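This report refers to the structure that appears directly beneath it.
Protein chains in written order, with the numbering used here: chain R, 782 to 957; chain A, 240 to 523.
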C-alpha cells in the first residue's frame, strides 16, 4: 500500500490539510472528507458534469482529478458561489426561470456557468449551448437552462454597468 | 470507480521525471491533463503503479509561431489552442479541431501532448498531426529525438515512444492553403465515428497538393497518401472526389463497435472526407 500523501487545498476560501491515498479522487475528498456535498457524482466517467468545480480559474470535472493533483490549488464549489441567503444571480435566475427540475445537475451547471459568463459576459444561445456542453441535464431539455443563463448575464451586466457608472462618477469627482 | 493504488510523484524538472521512468520502466506513466489516463485507470484498463504528474516540470506550456514552423509544448491544453490568436491565424485547422474535442471542462485539462502520445485511435490530434506532417519531440536518458507523426503510431496505444521517454513538444511546418477538420460524432464528448483532416493548396484552379488523414477508422490514425494524390492536378471535380474517397477507403480498416457496423463507418468516412475536402478547397 503506497504511503498517504500530505495534501493542502484551499476550498471556498478555507485552507484544508489532510493525509490521503494518492488515488483519492477530488470529488470524494470534497463530498466525503470535507462534507462539501454540492458537487454531485453523476456518471463518474467525465461525461455528465455534475461534479464540476472551479480550480485556479478553470472548470474541472472533479471525478477526473486526484486530490493530489489539486494539492496547492484553490477549489471553488457551488457552496463558494452563493448560499440560501445570498443567491448568486445565476442561482436566482435558475430559480426564476425554471432552470432546474430535479436539481441534481444544477450545482455543476451553475458552477460551470459562472466561468462561462466570466469568459463571455454576453453569450448567444449558441455560445451557451456550446459552453455548457460538458454538463448534462436529463429533466429540462436545456431550454430553461439557456434562458436562466441569459437572464443572469443580463442581470450581471446591468449590475456591472451601474457599478462602473458609480465608479466613473467618482473618477470624475476625484478629477474635479 | 476508484483506481488501483499507486505512488504519485510530482517532480520539478525533466531530470526528475526521467529518473523515475528509468527506475520503474513500464510500471511508470507520465500524466499531463490526465483526461485519458485517469478514466482508464478508473476502469482498470490501465494499471499504473507509479504515476508521474508533469504539472510542475515547466517549459512545456508554450506555443511559438515561427516563420517556418510552429512549436507547441506538450502541456498546452486544447483550451489554450482555442484561445491563442496567433496560432489560430497561422494554423486555423488546430483551433477547428480542438473545438470538436470533448467538452469545455475536458478541454481545460486535456493536453496536446497527452492526446498525441496516448496512442488512442479515437483521439483527434494524431490524425491532424499526420495531416500537417508534424514531428514529435521525445526526451529520454540519451537525449532528444524527433519522430514524424506519420511514423509514430504502431497500433492502438502502441507508439514509437519508448517506455523511458517523454513526449515534450510537437513541431508543425507552417501549413499552407485551405484546411478542414470534419468530425462525425454521436454526441458532444464522444470520439469520432469518422473524422478527416484535410489541408489543400491550389494553383490557379488546380489542386497543387493535398494532405489527408483519418481518425478512428483503424487501430491507428491513417495518413492516406493515395487519397491526397488522387486530388493533385485535378480541379476537384466529382470524379476526383470519388477517387480520393475510394483511395481513403482502401487505406482504413474500421472495426464494428457501438458506433456502428463496418459498412456504416465506411459510408460515414466517405461522406466526412468529401465534406472536409470541399470545405478545405473553398478556403484554399
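All residues carry an ideal CB built from backbone N, CA and C; glycine is no exception. Given the structure is predicted, the values throughout are model-derived calculations rather than measurements.
Starting from residue 786 of chain R, find everything on chain A with Cβ-Cβ shorter than 9 angstroms and list it in chain order. Numbered from 1 along the first chain, position 5 holds the residue referred to as residue 786 of chain R. Within chain A, the residues near residue 786 of chain R are 247.
Can the beta-carbon of residue 314 of chain A be found less than 8 angstroms from the beta-carbon of residue 291 of chain A? Your numbering for residue 314 of chain A matches position 75 in the second chain. Your numbering for residue 291 of chain A matches position 52 in the second chain. No Cβ-Cβ contact shorter than 8 angstroms links residue 314 of chain A with residue 291 of chain A.
Can you name the residues of chain R whose CB is closer than 7 angstroms to the CB of residue 460 of chain A? Stepping through the second chain from its first residue, residue 460 of chain A is reached at position 221. Correct list: empty, because the minimum Cβ distance to chain R is about 22 angstroms.
Exposed unless 16 or more other CB atoms sit within 10 angstroms - verdict on residue 827 of chain R: Against the first chain, residue 827 of chain R aligns to sequence position 46. By the 10 Å Cβ count, residue 827 of chain R comes out buried.
Beta-carbon separation of residue 439 of chain A and residue 416 of chain A under 8 angstroms? Position 200 of the second chain, counting from 1, holds the residue named residue 439 of chain A. Position 177 of the second chain, counting from 1, holds the residue named residue 416 of chain A. Closer than 8 angstroms, so yes.
Straight-line CA distance for residue 265 of chain A to residue 511 of chain A? Locating residue 265 of chain A in the second chain gives position 26, counting from the first residue. Locating residue 511 of chain A in the second chain gives position 272, counting from the first residue. Roughly 37 angstroms between the two C-alpha positions.
Excluding the 5 residues preceding and the 5 following residue 953 of chain R in the sequence, name in chain order all residues of the same chain whose CB lies nearer than 8 angstroms to its CB. As a working mapping, residue 953 of chain R is identified with position 172 in the first chain. Note that residue 953 of chain R scores a pLDDT of 43, beneath 50, so its modelled location is shaky and nothing firm can be said.
Which residues DSSP lists as bridging residue 304 of chain A, in chain order: Counting from 1 along the second chain, the entry for residue 304 of chain A is found at position 65. For residue 304 of chain A, which the question treats as bridged, DSSP gives the partners A/309.
How many angstroms separate the CA atom of residue 426 of chain A from the CA atom of residue 915 of chain R? Position 187 of the second chain holds residue 426 of chain A. Position 134 of the first chain holds residue 915 of chain R. Roughly 11 angstroms separates the two Cα atoms.
Label residue 957 of chain R either buried or exposed according to how many other C-beta atoms from any shown protein chain fall within 10 Å of its C-beta, with 16 as the threshold for buried. As a position in the first chain, residue 957 of chain R is number 176, starting the count at 1. Residue confidence for residue 957 of chain R is low, a pLDDT of 38 falling below 50, so the modelled location carries little weight; the figure read from the coordinates is stated next. That one is exposed.
Buried or exposed: which applies to residue 307 of chain A, given that a residue is buried once 16 or more other Cβ atoms fall within 10 Å of its Cβ? Here residue 307 of chain A corresponds to residue number 68 of the second chain, with the count starting at 1. So residue 307 of chain A ends up on the exposed side.
When A/379, A/424, A/509 and A/437 are compared against residue 487 of chain A, the one with the closest alpha-carbon: Mapped onto the second chain, residue 487 of chain A falls at position 248. That would be A/509, whose Cα lies nearest to the Cα of residue 487 of chain A.
Pop quiz: residue 921 of chain R and residue 881 of chain R are said to be a contact at Cβ under 8 angstroms. What is the actual Cβ separation, rounded to whole angstroms? Taking the first chain and counting its residues from 1, one reaches residue 921 of chain R at position 140. Taking the first chain and counting its residues from 1, one reaches residue 881 of chain R at position 100. Contact flag correct, Cβ pair sits at about 7 angstroms.
What do you reckon, are the CB atoms on residue 356 of chain A and residue 400 of chain A nearer than 8 angstroms? If you number the second chain from 1, residue 356 of chain A lands on position 117. If you number the second chain from 1, residue 400 of chain A lands on position 161. Yes.
What's the C-alpha gap between residue 424 of chain A and residue 389 of chain A? Working through the second chain from its first residue, we reach residue 424 of chain A at position 185. Working through the second chain from its first residue, we reach residue 389 of chain A at position 150. Computed Cα separation, rounded: 24 angstroms.
For residue 928 of chain R, which residues of its own chain have a beta-carbon under 6 angstroms away from its beta-carbon, when the five flanking residues on both sides are left out? For the purposes of this step, residue 928 of chain R is taken as residue 147 along the first chain, with counting starting at 1. Correct list, in chain order: 878.
For residue 925 of chain R, which of R/838, R/801, R/884 and R/818 has the nearest alpha-carbon? As a working note, residue 925 of chain R is residue 144 in the first chain. The shortest C-alpha separation from residue 925 of chain R is found at R/884.
If we call anything under 8 angstroms between Cβ atoms a contact, is residue 797 of chain R one with residue 790 of chain R? The residue you call residue 797 of chain R lines up with position 16 of the first chain. The residue you call residue 790 of chain R lines up with position 9 of the first chain. Contact flag set, yes.
What residue range is occupied by the uninterrupted alpha helix (DSSP H) comprising residue 317 of chain A? Counting from one through the second chain, the residue named residue 317 of chain A turns up at place 78. Start and end: 317-322.
Where residue 403 of chain A and residue 301 of chain A are concerned, what is the direct C-alpha to C-alpha distance, given to the nearest angstrom? Residue numbering aside, residue 403 of chain A sits at position 164 when the second chain is read from its first letter. Residue numbering aside, residue 301 of chain A sits at position 62 when the second chain is read from its first letter. Answer to the nearest angstrom: the Cα atoms are 23 angstroms apart.
Going by CA-CA distance only, name the one from A/458, A/262 and A/495 that's closest to residue 397 of chain A. Residue mapping note: residue 397 of chain A aligns to position 158 of the second chain, counting from 1. Residue A/458 is the option with its Cα nearest to residue 397 of chain A.
When DSSP labels each residue in this structure, what does residue 438 of chain A get in the three-state scheme? As a position in the second chain, residue 438 of chain A is number 199, starting the count at 1. Residue 438 of chain A: strand per DSSP, three-state reduction.
Relative to the C-alpha of residue 410 of chain A, which candidate in A/436, A/379, A/373 and A/442 has its C-alpha closest? Within the second chain, residue 410 of chain A is the residue found at index 171, counting from 1. Of A/436, A/379, A/373 and A/442, the residue nearest in Cα terms is A/373.
First and last residue of the uninterrupted beta strand (DSSP E) at residue 417 of chain A: For the purposes of this step, residue 417 of chain A is taken as residue 178 along the second chain, with counting starting at 1. Secondary structure note for residue 417 of chain A: its beta strand (DSSP E) is the uninterrupted segment 417-424.
Residue 814 of chain R versus chain A: which residues are under 7 angstroms apart at the beta carbon? Here residue 814 of chain R corresponds to residue number 33 of the first chain, with the count starting at 1. Here the premise fails: no neighbours, minimum Cβ distance about 14 angstroms.
Whose C-alpha, out of R/919, R/932, R/786 and R/891, is nearest the C-alpha of residue 823 of chain R? Start at 1 with the first residue of the first chain, and residue 823 of chain R comes out as number 42. Here the closest residue by C-alpha is R/919.
Specify, as a first and last residue, the run of the alpha helix (DSSP H) that residue 900 of chain R falls within. Locating residue 900 of chain R in the first chain gives position 119, counting from the first residue. Element bounds for residue 900 of chain R: 887-900.
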